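Some notes on the structure that comes next.
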Amino acid sequence: MILELLPKVGVASLRLGMSVDEAVGAARGLGFPPAGSYGGDTPGMVLCAHEGYQADLTLGFTKGRLTAIEVWRFRDEGADLRVVLDGLDVFRTPSDDVPARLAERGHVVEEDDLGFEAVPELGVIFANNSSFEYPMDEEGFPVHYDYVLVTSDDLGPRGD
């Protein structure tokens, strides 16, 4: 399966601006059903889990509309799942290489010391953000990103 990150649009068949029911239905169609009750007509967030890939999507809502999609890396290293942005597999490419490869494609990547990298014009943020055990390098740092956020928000400069 390929989940394409669509800047300021969505992820695969999930589209920013969808209603709760539309977004949950689209996630379910991708094999990511809600991991539990999603709290009525206007939840703030809905966690959707793919049992086979051991991967999660968190759908964020504002006033009943999908405004953010968090994609969490698969925990099954053999998963047949690719999460791609502009042709780059962001969860299988070493996180040290992703910013440079995106820059080669003409994107400006803002890096910080906290493990977050943003591509403001695309409304995308990458991070090593979870407590799950993932492959580590010899210094004990995660080899790959384990989280990406897609939003329609203007991330703008994150400086001072």
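Be aware that the sequence shown starts at 612, since it is given in the working numbering, and climbs by one per residue. Here a beta-carbon is modelled for each residue, glycine too, at the ideal position from N, C-alpha and C. This structure is a prediction, so every number in the text was calculated from the model and none was measured.
In the pairwise beta carbon analysis, the stretch 684 to 693 is classified as not touching the stretch 707 to 726: fewer than three pairs are separated by under 8 angstroms.
Going by DSSP, residue 734 is part of no beta strand (DSSP E) at all; its letter is neither H nor E. Closest in alpha carbon position to residue 682, among 616, 642 and 672, is 616.
If you keep only unbroken alpha helix (DSSP H) runs of at least 4 residues inside the stretch 612 to 646, you get 631 to 640. For residue 730, the three-state secondary structure derived from DSSP is strand. The bridge partners DSSP lists for residue 669 are 658 and 681. Contact between residue 735 and residue 719 does not hold, since their C-beta atoms are separated by about 11 angstroms, which reaches or exceeds 8 angstroms.
Ranked by Cα distance from residue 630, the options 655, 613 and 619 are led by 655.
In this structure, residue 692 lies away from residue 618, with their beta-carbon atoms at least 9 angstroms apart.
Beta-bridge partners of residue 695 (DSSP): 615 and 700. For residue 754, there is no enclosing beta strand (DSSP E), since its DSSP letter is neither H nor E. Between the alpha carbons of residue 641 and residue 624 lies a gap of roughly 8 angstroms. Beta-bridge partners assigned by DSSP to residue 761: 680 and 735. Residue 715 sits in a helix when the DSSP states are folded into three classes.
Residue 722 has 728 as its beta-bridge partners, per DSSP.
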